[in-house]
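Numbering (UniProt numbering), first residue to last: 1 to 686. Positions of the beta carbon are idealized from the N, C-alpha and C atoms, including for glycine. Have a look at the structure below before the remarks.
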Amino acid sequence: MQKFTEKIVSLMKSEKLFESQGGPIILSQIENEYEGVEIGAPGKAYAKWAAEMAVGLGTGVPWVMCKQEDAPDPVINTCNAYYCTDFKPNKDYKPKMWTENWTGWYTEFGGAIPHRPAEDLAFSVARFIQNGGSFVNYYMYHGGTNFGRTAGGPFIATSYDYDAPIDEFGLPREPKWGHLRDLHKAIKLCEPALVSVDPTVTKLGNNNQEAHVFKSNSACAAFLANYDTQSTARVTFGNAQYSLPPWSISILPDCKTEVYNTARLGAQSSKMKMAPIGSAFSWQSYIEEIASSDDKDSITTNGLWEQINVTRDATDYLWYMTDVKIDPDEAFLKNGQNPLLTIFSAGHALNVFINGQLAGMVYGELGNPKLTFSQNVKLVAGVNKISFLSVAVGLPNVGLHFETWNAGVLGPVTLKGLNEGTRELSGQKWSYEIGLKGETISLYTFSGSSSVEWMEGSSLAQKQPLTWYKTTFDEPQGNYPLALDMSSMGKGQIWINGQSIGRHWPGYIAHGNCGNCNYAGQFTDKKCRSNCGKPTQKRYHVPRSWLKPKGNLLVVFEEWGGDPSRISLVGRTTSSVCTDIFEGQPMLKNWHMISSGKVESMQPKAHLWCPPGQKISQIKFASYGMPQGTCGSYREGSCHAHKSYDALERNCAGKQSCSVMVASEVFGGDPCPDSQKKLSVEAVCS
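Written out as structure tokens, the structure reads:
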């Protein structure tokens, strides 16, 4: 631990990267959420030692410990959570810091995809700042990909998009990215007051509304909060009235001018599409040999071995092989009542082969990686070759005593329905083979793939387990992100030019409930979810930096059996952009106009823009009034201005970006006086 920490700090110092050297690193962290797993006095002693060791390295910047309440001075204990409103450091003189504000949550194979609303994320930050918070860091701000076999859990998906403000492919996720951008700008406007004094808190109306005011001799900033999850509140503050939507905070950098509300999205929303590119792939196939106890490369011993101890995580795969002798006088051979094979495994997935034929497969899940295979199997008189391919789906990534977390077939393994009753197979001779033969000869590389004979055309293997597929393709023109659509496949791994882009598992269908998502109220990873009843992940990121202009090698290993002819390369682009702007909605421009002395209309504007290389080709929907729905599924409400489309088509069609004032006169008059109205627009980018 000390050697590793010293090495990292030394590397940073050698490049003069710490702020004390004029570099960009302003903060260092030692350990991570250790208190949750520390055991007794030795655990506390280790945490104290780690803190003192880190401080002794002299980085010249503060050290923090996340979720470590007893972090010793001068190390600062910090908060990691969806909300850190009530968090306090262990000493009054330490700053209140939030090192992980979870912008979403990770996706697990077999689970639906979590989404944290932008309104709630912004609300959590504003609430932390109004309560004296001094530092907020997002986890994750940029989503990513668990390339290779780096995904842990086990069962964490290859995509680590995390619903982050910048998605897995490096594109802004709107409106989350833009809404946070505006939040940061609004907080920055409050800086003179925020850094001068602590807030004073007063009630506004009932107990669900508060004002947090930072007022010094030279500056004043206010945060007006409504904690009610159902109702909009109209409050009076400083002789003015303000409308606060449910579960929202308005920011007033001068204690008068409302420039931002966490529940009002000034940023546009974007709908992304993954469109097929180019022609279909031309595939070749090679069938992986089913391992058996006769293989010369196998290891034979009595009993069952734990998988990770054998493979050392060099591969996901371990073969368990044994022989079962069946006497010719077994009753089941005559009555057709095949014996019941039962296998208890610590996880994570298992393919069972009897005499070279797939008998079945079973797999666990994140909350319960253990699994049981129990199925009647067809055996013949004489020696039967039993082979289990045990498959790991990542190492544990959090918890106590990783050394006790097992994988693989640990037994018991029984065969029920023989003349003798039940035969226990666990203690007999078992042979083991680490990995696949295709892995051993590196079938996923250019050189390895040329070492075997591949089949193609009418001989191409389809929907057959343990099959390798290969093809070549050229890099598509452009710079939009790429992915592989693997919807037609079951489970396995993918390589591009010899580099693994990760495990694919479209065959694992997401369970759970995916209902409507209301931003208001406490968020959990079970609250706002999508993709129920569909593959957890069907598209897999292909980095352009891994590609050559011509002749890229794509290799897929399929464990279950699938249809490679339907695999496609897809490009990620923006299909349409949307905006929802309320009349009278607070905008940052209000502040800039007031502070510059300009006297202009302070009506909000709806802004739309397509990415570079695309323009607004069509106004798909426009309604000023009381439209319903969300981006991609808008519909007119009970109040609608019939000239809603005119201003949008006039100002936006054919342009990359445009803006339209949200005011009744722009749309031919007020369609419903005395009602709050908004403008909802969806524009197609092409």
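Query, Result
"Return the Cβ separation of Ser-576 and Tyr-634 in integer angstroms, given the expectation that the two are a contact with Cβ distance under 8 Å.", "11 Å between Cβ atoms; not a contact."
"Using 8 Å as the threshold, is the segment 243 to 257 in touch with the segment 510 to 530, meaning 3 or more CB pairs across them?", "yes"
"Which same chain residues end up closer than 7 Å to Gln-464 when comparing Cβ atoms and leaving out the 5 residues on each side of it in sequence?", "Ile-287 and Gly-561"
"Expressed to the nearest angstrom, what Euclidean distance is found between the alpha-carbon atoms of Phe-4 and Ala-47?", "16 Å"
"Could you spell out the range, first to last residue, of the alpha helix (DSSP H) harbouring Pro-543?", "No alpha helix (DSSP H) contains Pro-543, which DSSP labels as neither H nor E."
"What residue from Ile-166, Leu-183 and Lys-370 has the CA that sits closest to Arg-264's CA?", "Leu-183"
"Quick one: is Phe-667 buried, meaning 16 or more other Cβ sit within 10 Å of its Cβ, or exposed?", "buried"
"Quick one: Cα of Glu-258 to Cα of Leu-194, how far?", "16 Å"
"Could you tell me the boundaries of the alpha helix (DSSP H) in which Lys-370 lies?", "Run containing Lys-370: none; DSSP gives neither H nor E here."
"Using 10 angstroms around the beta-carbon of Gln-337, count the other beta-carbons present and answer buried if the total reaches 16, otherwise exposed.", "exposed"
"Whole angstroms is fine: what's the gap from Ile-494's alpha carbon to Pro-396's?", "22 Å"
"Do you know how far the Cα of Phe-123 is from the Cα of Arg-116?", "12 Å"
"Which of the three DSSP states is assigned to Val-599 in this structure?", "In this prediction, Val-599 has a pLDDT of 44, which is less than 50 and means its spatial position is unreliable; what the coordinates show is noted afterwards. Val-599: coil per DSSP, three-state reduction."
"Smallest Cα separation from Ile-509: which of Pro-611, Glu-108, Ala-647 and Lys-296?", "Glu-108"
"Starting from Met-272, follow its DSSP beta bridges and name the residues at the other end.", "Thr-574"
"Compare the Cα-Cα distances from Thr-574 to each of Tyr-34, Ala-151, Pro-564 and Gln-614 and report the closest residue.", "Gln-614"
"Pro-24: which of Tyr-162, Gly-60 and Ala-51 sits nearest, CA to CA?", "Gly-60"
"Which residues in the same chain as Val-556 place their Cβ atom closer than 6 Å to its Cβ, once the five residues preceding and following it in sequence are excluded?", "Tyr-469 and Ile-494"
"Lys-334: which of Ala-359, Asn-651 and Leu-418 sits nearest, CA to CA?", "Leu-418"
"Would you mind working out which of Leu-410, Gly-382 and Ile-308 sits nearest Glu-403, comparing C-alpha positions?", "Ile-308"
"What residue from Leu-379, Ala-280, Ala-359 and Tyr-317 has the CA that sits closest to Pro-328's CA?", "Leu-379"
"Any idea if Lys-7 is buried or exposed, counting beta-carbon neighbours within 10 angstroms, 16 or more meaning buried?", "exposed"
"Would you kindly work out how many angstroms separate the C-alpha atoms of Pro-671 and Ser-638, rounded to a whole number?", "10 Å"
"For the putative contact between Arg-544 and Leu-482, defined by C-beta atoms under 8 Å, what is the C-beta separation to the nearest angstrom?", "6 Å"
"For the structure I just gave you, are there three or more beta carbon pairs, one from the segment 146 to 159 and one from the segment 489 to 508, closer than 8 Å?", "yes"
"Taking all protein chains shown into account, do 16 or more other C-beta atoms lie within 10 angstroms of the C-beta of Ser-14, making it buried, or fewer, making it exposed?", "exposed"
"Could you give the DSSP three-state label for Phe-18: helix, strand or coil?", "strand"
"On the three-pair Cβ rule with 8 Å, is the segment 419 to 435 touching the segment 353 to 362?", "no"
"Is the CB-CB distance between Ser-390 and Trp-319 below 9 Å?", "yes"
"Could you compute how far the alpha carbon of Asn-531 sits from the alpha carbon of Met-274?", "16 Å"
"Leaving out five residues before and five after Val-393 in sequence, what residues of the same chain have Cβ atoms less than 6 Å from its Cβ?", "Pro-154, Phe-155 and His-348"
"Can you tell me where the alpha helix (DSSP H) holding Val-660 begins and where it ends?", "Where Val-660 is concerned, there is no enclosing alpha helix (DSSP H), although the beta strand (DSSP E) it sits in stretches over 657 to 661."
"Suppose the cutoff is 7 Å on Cβ atoms and the five residues either side in sequence are ignored; what does the same chain contact list for Leu-648 look like?", "Ile-619, Ala-622, Val-660 and Val-681"
"What residues are listed by DSSP as bridge partners for Phe-621?", "Glu-682"
"Should Met-602 and Lys-678 be called a contact, given that it needs their Cβ atoms to be closer than 9 Å?", "no"
"What does Asp-485 pair with, by DSSP beta-bridge criteria?", "Arg-539 and Ser-568"
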